[in-house]
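Asker: FYI, numbering that gives the first Met the number 0 numbers position 134 of the sequence shown as 133, with every residue one higher than the one before it.
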Amino acid sequence: MSMIQDDRIEAVSALPGPSLAGVEDFLALLKPRVMSLVVMTALTGLVVAPTGEHPVVAAISLLCIAVGAGASGALNMWWDADIDAVMARTAGRPVPSGRVTPGEALAFGMTLSVGSVLMLGLAANWLAAGLLAFTIAFYVVVYTMWLKRSTPQNIVIGGLAGAMPPMVAWAAQTGSVSFESAVLVALIFMWTPPHFWALALVKSEDYARAGVPMLPVVAGQDETRRQILLYSLALAPLGVAPALVGLGGWPYLAVSVAGGVEFVRRALVVYRVREGAPARKAAMGLFGFSILYLFALFLLLLAEKLAGVAPLTGPVAGWL
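Right under this line is the structure:
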């Protein structure tokens, strides 16, 4: 482990020193595509929560959660600059390409982390701020610095950080956490492994070259396909769960059932098709669909709430 750490330090220190960064490079440090998912899930948590703060407070809360997620991304890129430099998928990122120095990425990430947590505490409440601080620390310290390079379960355990935004937003609105917010967290948590492992099947050579023990590298592609199927089977009922706890109505129920069936169908295709271009196409098809699936579920919860669609309650939810 110390040798890996020494290699990481040497690789990062060898990167170009002078900053060539533009605004777009610092925006790239925030991982905007990941942030878009955080914004969607957090916004849903804000809107479906049973009580609401002033709209300005809600907007500030959403901004803080988004900035906190971006700060996590910047710190992740700072720490992972050495492995990013040898992976084709990430070599063009601002730090390994030399456009942003490691020190700048670290300072940028730390400033945004502290600022987002303090602002959320002052604008909303300190429970939400504490949950945001936990989320950032878990992603940076537990996932990035420890799990990512030490275990093929990195995505499984580390996925908790990406699952937390709805609960942080719920706490910002209500000053508490609840079973309903935990259901939203569980949904994202269970979604994360099949989502990332589908991509890892295609990018396994990249991960192997960087020395990252992703599941396809350590356990092989066949075992990864099996795990994707198992997690997809567990995800499908969790996708329906928001309708059973009073967050979703009939439209959500219909879409979540259909989406879950399609997710499992695609996972079965990945499990069965194991060679050549068809296997790659199946894995990337599941990866792309998984993004659509999660966005659709949270967008539908949001739309139902704003449209005044009655959630399933009482005997209906109990019967289901």
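Backbone N, C-alpha and C fix where the C-beta goes; we use that ideal spot for every residue, glycine too.
So within the stretch 32-99, which uninterrupted alpha helix (DSSP H) runs reach at least 4 residues, ignoring any that extend past its ends?
Answerer: 54-78 and 80-83
Asker: Can you tell me which of S71, D81 and M163 puts its alpha carbon nearest to the alpha carbon of M189?
Answerer: Reading the sequence shown from its first residue, position 190 is the one you call residue 189. Per the Cα distances, M163.
Asker: Going by the beta-carbon positions, is the gap between I227 and A266 smaller than 8 Å?
Answerer: Residue mapping note: residue 227 aligns to position 228 of the sequence shown, counting from 1. Residue mapping note: residue 266 aligns to position 267 of the sequence shown, counting from 1. Yes, the pair counts as a contact, with Cβ atoms nearer than the cut-off.
Asker: Since I154 and P212 should fall inside the 8 Å C-beta cutoff, what is the C-beta to C-beta distance between them, to a whole number of angstroms?
Answerer: Here residue 154 refers to the residue found at position 155 when the sequence shown is read from its first residue. Here residue 212 refers to the residue found at position 213 when the sequence shown is read from its first residue. No, I154 and P212 are not in contact; Cβ-Cβ is about 11 Å, not under 8 Å.
Asker: Where does R265 sit, in a helix, a strand or coil, going by DSSP?
Answerer: What you label residue 265 is simply residue 266 of the sequence shown in a count that begins at 1. Helix at R265.
Asker: In the DSSP assignment, find the alpha helix (DSSP H) that holds S149 and state where it starts and stops.
Answerer: Within the sequence shown, residue 149 is the residue found at index 150, counting from 1. No alpha helix (DSSP H) holds S149; DSSP gives it neither H nor E.
Asker: Who are the Cβ neighbours of S203 in its own chain at under 6 Å, not counting the five residues just before and after it?
Answerer: Stepping through the sequence shown from its first residue, residue 203 is reached at position 204. Contacts found: P215 and V216.
Asker: Just to check my reading of the structure: T312 and G245 have Cβ atoms closer than 8 Å, yes? What is that Cβ distance to the nearest angstrom?
Answerer: What you label residue 312 is simply residue 313 of the sequence shown in a count that begins at 1. What you label residue 245 is simply residue 246 of the sequence shown in a count that begins at 1. The pair is a contact, with the Cβ atoms about 5 Å apart (cut-off 8 Å).
Asker: Judging by CA-CA distance, which residue of L45, V47 and S112 is the nearest neighbour of N75?
Answerer: The residue labelled residue 75 in the question sits at position 76 within the sequence shown. Residue S112 is the option with its Cα nearest to N75.
Asker: Work out the CA separation of A233 and A309 for me, nearest whole Å.
Answerer: The residue you call residue 309 lines up with position 310 of the sequence shown. The residue you call residue 233 lines up with position 234 of the sequence shown. About 27 Å.
Asker: Does the distance from the C-beta atom of A90 to that of D83 stay below 8 Å?
Answerer: In the sequence shown, the residue the question calls residue 90 occupies position 91. In the sequence shown, the residue the question calls residue 83 occupies position 84. For A90 and D83, yes; Cβs fall inside 8 Å.
Asker: Kindly indicate the opening and closing residues of the alpha helix (DSSP H) around L293.
Answerer: Walking along the sequence shown from the start, residue 293 turns up at place 294. First-last of the alpha helix (DSSP H) with L293: G275 to A306.
Asker: Looking at F262 and A235, is the spacing between their C-beta atoms short of 8 Å?
Answerer: Counted from its first residue, the sequence shown places residue 235 at position 236. Counted from its first residue, the sequence shown places residue 262 at position 263. Result yes, Cβ atoms of A235 and F262 sit closer than 8 Å.
Asker: Can you give me the C-alpha to C-alpha distance between A302 and G258, rounded to a whole angstrom?
Answerer: The residue given as residue 302 occupies position 303 in the sequence shown. The residue given as residue 258 occupies position 259 in the sequence shown. So the two alpha carbons sit approximately 17 Å from each other.
Asker: Count the other C-beta atoms from every protein chain shown that fall within 10 angstroms of the C-beta of S401, then say buried if there are 16 or more, exposed otherwise.
Answerer: No information on residue 401 is available, as it lies outside the stretch 0 to 319 that the chain covers here.
Asker: Below 8 Å on the Cβ atoms is my guess for L45 versus L61; work out the distance and round it to an integer in Å.
Answerer: The count along the sequence shown starts at 1 and reaches residue 45 at position 46. The count along the sequence shown starts at 1 and reaches residue 61 at position 62. Their Cβ separation, rounded to whole angstroms, is 6 Å, which keeps L45 and L61 in contact under 8 Å.
Asker: Which whole runs of the alpha helix (DSSP H) in the stretch 163-197 are 4 residues long or more, in chain order?
Answerer: 164-173
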